[in-house]
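Numbering (my numbering), first residue to last: -3 to 146. Note that beta-carbon positions come from the ideal geometry of N, C-alpha and C, so glycine has one too. Notes for the one structure printed next.
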């Protein structure tokens, strides 16, 4: 049984399927690009990425319906410049997963207090949630504009 204190040398890469339309995501790429601490168990990372795929897919379902009706079988088939929608998909899923991981693991003391405490601050969680929302809006052509409730 793995616990929070277990730090594997390098967790194995797992590919999270995202259905026929959206591309799969890699746990290793997510860990590297979003600086996921090694002590977070690989199965937790996999589970949160899977949940993020489900959430982002659900949010994009109406747009996906329009794209498939227009003859696009996959996200790569949607007209775009330089794979921008593919990158935005990965960003939306990764930021959604990172925000959820921060929310779930905020009580875990991963670093000494003197080190960068902002890595698990609520503002950071909110930043990743907002980034996921912006990426979803850009994919669907609604623009990145958002309103913030104060």
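Under 8 Å between C-beta atoms of residue i and residue j
i: residue 124; j: residue 98; result: yes
i: residue 52; j: residue 92; result: yes
i: residue 88; j: residue 50; result: no
Separation of residue j from residue i, as counted between CA atoms
i: residue 42; j: residue 96; result: 12 Å
i: residue 94; j: residue 101; result: 10 Å
i: residue 144; j: residue 38; result: Summary for residue 144: the model assigns pLDDT 48, below 50, so the residue's position carries little reliability; its value from the coordinates is reported in the next sentence. About 34 Å.
i: residue 56; j: residue 28; result: 26 Å
i: residue 79; j: residue 86; result: 11 Å
i: residue 36; j: residue 46; result: 16 Å
i: residue 137; j: residue 66; result: 15 Å
i: residue 59; j: residue 84; result: 14 Å
i: residue 149; j: residue 126; result: Absent from the model: residue 149. The displayed extent of the chain is -3 to 146, so no value can be given.
CB contact check: residue i to chain D, cutoff 8 Å
i: residue 57; result: Checking the listed chains, one finds no chain D in this structure; it contains a single protein chain.
First and last residue of the uninterrupted alpha helix (DSSP H) at residue i
i: residue 89; result: 80 to 101
i: residue 58; result: 57 to 65
* Asked: Do three or more CB pairs link the stretch 7 to 14 to the stretch 22 to 33 at distances below 8 Å?
  -> Here the stretch 7 to 14 makes contact with the stretch 22 to 33; the two share three or more CB pairs at distances below 8 Å.
* Could you tell me whether the stretch 27 to 46 touches the stretch 65 to 77, where touching means 3 or more Cβ pairs closer than 8 Å? => A contact between stretches requires three or more CB pairs, one per stretch, nearer than 8 Å, and the stretch 27 to 46 fails this requirement with the stretch 65 to 77.
* **Contiguous alpha helix (DSSP H) assignments of at least 4 residues, all confined to the stretch 1 to 48** => Listed in chain order, they are 23 to 29.
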